[in-house]
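Number of protein chains: 2
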Amino acid sequence: MSRRGYGQFCGLARALEVVGDRWALLIVRDLWGGPGRYTDLAKGLPGIPSNVLSARLRELEDIGVLHRVAVPRPGSGVVYELTEDGRALQEVLLGLGRWGSRYLTRPGDGEVLTPACVTSALQALFRPEAAAGVRATFELALSQPAERILGPGHAWLDEVVVHARVEARRISSTAGPAVEPDLRIATKAERMLDVLAGTASPREVRLSGDTALLPVFSRLFRLPAAPG
Amino acid sequence: MSRRGYGQFCGLARALEVVGDRWALLIVRDLWGGPGRYTDLAKGLPGIPSNVLSARLRELEDIGVLHRVAVPRPGSGVVYELTEDGRALQEVLLGLGRWGSRYLTRPGDGEVLTPACVTSALQALFRPEAAAGVRATFELALSQPAERILGPGHAWLDEVVVHARVEARRISSTAGPAVEPDLRIATKAERMLDVLAGTASPREVRLSGDTALLPVFSRLFRLPAAPG
DNA sequence: CCGGATCCTCGGTGATACTG
DNA sequence: CAGTATCACCGAGGATCCGG
Numbered sequence: 328m329s330r331r332g333y334g335q336f337c338g339l340a341r342a343l344e345v346v347g348d349r350w351a352l353l354i355v356r357d358l359w360g361g362p363g364r365y366t367d368l369a370k371g372l373p374g375i376p377s378n379v380l381s382a383r384l385r386e387l388e389d390i391g392v393l394h395r396v397a398v399p400r401p402g403s404g405v406v407y408e409l410t411e412d413g414r415a416l417q418e419v420l421l422g423l424g425r426w427g428s429r430y431l432t433r434p435g436d437g438e439v440l441t442p443a444c445v446t447s448a449l450q451a452l453f454r455p456e457a458a459a460g461v462r463a464t465f466e467l468a469l470s471q472p473a474e475r476i477l478g479p480g481h482a483w484l485d486e487v488v489v490h491a492r493v494e495a496r497r498i499s500s501t502a503g504p505a506v507e508p509d510l511r512i513a514t515k516a517e518r519m520l521d522v523l524a525g526t527a528s529p530r531e532v533r534l535s536g537d538t539a540l541l542p543v544f545s546r547l548f549r550l551p552a553a554p555g
Numbered sequence: 328m329s330r331r332g333y334g335q336f337c338g339l340a341r342a343l344e345v346v347g348d349r350w351a352l353l354i355v356r357d358l359w360g361g362p363g364r365y366t367d368l369a370k371g372l373p374g375i376p377s378n379v380l381s382a383r384l385r386e387l388e389d390i391g392v393l394h395r396v397a398v399p400r401p402g403s404g405v406v407y408e409l410t411e412d413g414r415a416l417q418e419v420l421l422g423l424g425r426w427g428s429r430y431l432t433r434p435g436d437g438e439v440l441t442p443a444c445v446t447s448a449l450q451a452l453f454r455p456e457a458a459a460g461v462r463a464t465f466e467l468a469l470s471q472p473a474e475r476i477l478g479p480g481h482a483w484l485d486e487v488v489v490h491a492r493v494e495a496r497r498i499s500s501t502a503g504p505a506v507e508p509d510l511r512i513a514t515k516a517e518r519m520l521d522v523l524a525g526t527a528s529p530r531e532v533r534l535s536g537d538t539a540l541l542p543v544f545s546r547l548f549r550l551p552a553a554p555g
């Protein structure tokens, strides 16, 4: 982190010098879904100081993890996009997210869900071996209580909607609603892990579409065992 | 990092809160080879302030990534050992180290090799598909120039010796010399990547044992393409 | 509104010295 | 050997302001 290195000729140390700064890897995560503009990133990273976001974007660009692209129209027009080196981080970050999800129980105080949180979780926890023969599109709508406020001026989405397409033992997950989901799952944000684990109470989950697909959906994912 | 979280209910964010602090992942890396004591860690992490090492160890212990074990004899007797959750980080860190190794060219100013750097690199860059039929023990001795000094009071190893056992398409890599290596490779630290890539000049490498195994050794590893 | 730049504060980090 | 104590410093946090 910082300009100060670790003094070691080591791939891991070098990686941490390059993307170990605070917020850096979350920026990379938020750009998985495609190019994003400064304001999109700021929205997906509630609480990041604007000067830090600005500094990280410049550092990550200098390093070659992302590059800025001028977009013709509309808007003032500059988006940030991952380079090939940046996309090469995806499998690593999925693994790190999978590891970290063992420390997730329910949203803590002041913790919110963002679309990138959900899409990355779906990809990280996906079990290809359990997806044989599954071919469906799922839409997930997670609502967050308005009380969960970070502070003045910090906006966040009161409902996070993402969708996932499962096909050929692979999953692709994108922010936003699906055009025609086979199953739509709506619940509170704090129930997300229960839905993935298959332990959610039916009374807490509102379904639309092919209801029988819910257990199919849950079996697609594996949550790591709790620590200890 | 720090006590301040990211405000997101996300596995990746949680992981970064837990092990994203500076030095934390390098401590985990240095404990792969087995339990180590405070002084061993300090030696393997040249430049880490003692208070930071102390703080990280306590934090990582609180979280459950490692735990301290009282060792009967000899010495005052306390070693740090990875827990199961800590060992679960290995594959992730190998991936991160593999990603970061694309930014390695040669040791920069003030950069040293440590045994953990070399053993983790061997494991990270190993290609199982290229190890079919290979069954051998290699010893690697990398010498570092004495001029590469970090500062007063910072000791480091002037020669890093590790060994690797390749068998059944797997590699195990350990610090220290091998009991009876099939091939011993000695060169300067700055030539390490050349040896792994198979592009080292024969004049720069001193071999002992079955010399014909050198190309076999080099083909066991793949270095990522340079960035850009 | 977008894309930052600027200013200030606070606390983690780095470096050194010291102790059970 | 295994840390704790102390202090300077600089990056992160937080708010505000500015040019297109």
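Residue numbers (the working numbering), protein chains in the order written: chain U, 328 to 555; chain S, 328 to 555.
All C-beta atoms in this analysis are idealised placements derived from N, C-alpha and C, irrespective of residue type, glycine included.
Below 7 angstroms between beta carbons: does that hold for residue i and residue j?
i: L380(S); j: L387(S); result: no
i: L358(S); j: L409(S); result: yes
i: A458(S); j: L547(S); result: yes
i: F336(U); j: P434(S); result: yes
i: L523(U); j: V489(U); result: no
i: A502(U); j: G360(U); result: yes
i: A443(S); j: R356(S); result: yes
i: S428(U); j: P551(U); result: yes
i: P554(S); j: D412(U); result: yes
i: G422(S); j: G338(U); result: no
i: T464(U); j: D509(U); result: yes
i: S500(S); j: A491(S); result: yes
i: L416(U); j: W426(S); result: yes
Report the CB separation of residue i from residue j in whole angstroms; it is logged as a contact under 8 angstroms.
i: I390(S); j: V419(S); result: With 8 angstroms as the limit, I390(S) and V419(S) do not qualify as a contact, their Cβ atoms being about 15 angstroms apart.
i: A340(S); j: Y333(S); result: 4 angstroms
i: R511(U); j: L534(U); result: 7 angstroms
Candidates the options: which alpha carbon is nearest residue i's?
i: A451(S); options: D485(S), G435(S), I498(S); result: I498(S)
i: G363(S); options: R546(S), L421(S), V405(S), A552(S); result: V405(S)
i: P455(U); options: V488(U), P376(U), M519(U), S545(U); result: S545(U)
i: K515(S); options: A502(S), E486(S), L541(S), S500(S); result: E486(S)
i: R383(U); options: L352(U), S447(U), L523(U); result: L352(U)
i: P472(U); options: S528(U), R518(U), L431(U); result: R518(U)
i: A495(S); options: D509(S), A513(S), R462(S), A527(S); result: R462(S)
i: L520(U); options: L372(U), A505(U), L431(U), S500(U); result: L431(U)
i: V398(S); options: R414(S), Y365(S), S377(S), K370(S); result: Y365(S)
i: T446(U); options: Y407(U), P504(U), G460(U), R395(U); result: P504(U)
i: R549(U); options: G525(U), A539(U), V532(U); result: G525(U)
With DSSP as the reference, please indicate the residues paired to residue i in a beta bridge.
i: F336(S); result: Partner(s): none; F336(S) has no beta bridge.
i: E486(U); result: S470(U)
i: T464(U); result: R492(U)
i: T501(U); result: H490(U)
i: G363(U); result: Y407(U)
i: I512(U); result: L467(U), L534(U)
i: V439(U); result: Q335(S)
i: K453(S); result: Before going further, note that residue 453(S) is Phe rather than Lys in the sequence given. Its beta-bridge partners are F548(S).
i: V396(S); result: V406(S)
Next on the checklist: Counting only Cβ-Cβ distances shorter than 7 angstroms, please list the residues of the segment 388–418 of chain U near chain S, keeping chain order.
Outcome noted: Result list: G391, D412, A415, L416, E418.
Item to check | Contacting positions in the segment 522–536 of chain S - beta carbon closer than 8 angstroms to chain U | outcome: Taking a C-beta cut-off of 8 angstroms against chain U, none of the residues of the segment 522–536 of chain S qualify.
Item to check | Short-range partners of chain S found in the segment 348–360 of chain U, where Cβ spacing is below 7 angstroms | outcome: Listed by position along the chain: R349, L352, L353, R356.
Next on the checklist: Closer than 7 angstroms between beta carbons: that is the criterion. Which residues of the segment 332–349 of chain S meet it against chain U?
Outcome noted: Of all residues in the segment 332–349 of chain S, Y333, G334, Q335, F336, C337, G338, L339, A340, R341, A342, L343, V345, R349 have a Cβ within less than 7 angstroms of some Cβ in chain U.
Next on the checklist: Along the segment 360–388 of chain U, where does the CB come closer than 7 angstroms to a CB of chain S? Name the residues.
Outcome noted: Against chain S - using a Cβ distance shorter than 7 angstroms - the residues of the segment 360–388 of chain U are P373, G374.
Item to check | Cβ-based contacts, 9 angstroms cut-off: residues of the segment 417–441 of chain S near chain U | outcome: Taken in chain order, the members of the segment 417–441 of chain S whose beta-carbon sits within less than 9 angstroms of a beta-carbon on chain U are E418, V419, L420, L421, G422, L423, G424, R425, W426, G427, S428, R429, Y430, L431, R433, P434, G435, G437, E438, V439, L440, T441.
Next on the checklist: Please identify, using Cβ separations under 9 angstroms, the residues of the segment 447–465 of chain U that lie next to chain S, in order along the chain.
Outcome noted: Taking 9 angstroms as the Cβ-Cβ cut-off, the segment 447–465 of chain U approaches chain S at S447, A448, A451, L452, given in chain order.
Item to check | Near-chain S residues of the segment 542–554 of chain U (beta-carbon distance less than 7 angstroms), N- to C-terminal order | outcome: Listed in sequence order: P554.
Next on the checklist: What are the residues in the segment 489–504 of chain U lying within 7 angstroms of chain S by C-beta distance?
Outcome noted: Of all residues in the segment 489–504 of chain U, none has a Cβ within less than 7 angstroms of some Cβ in chain S.
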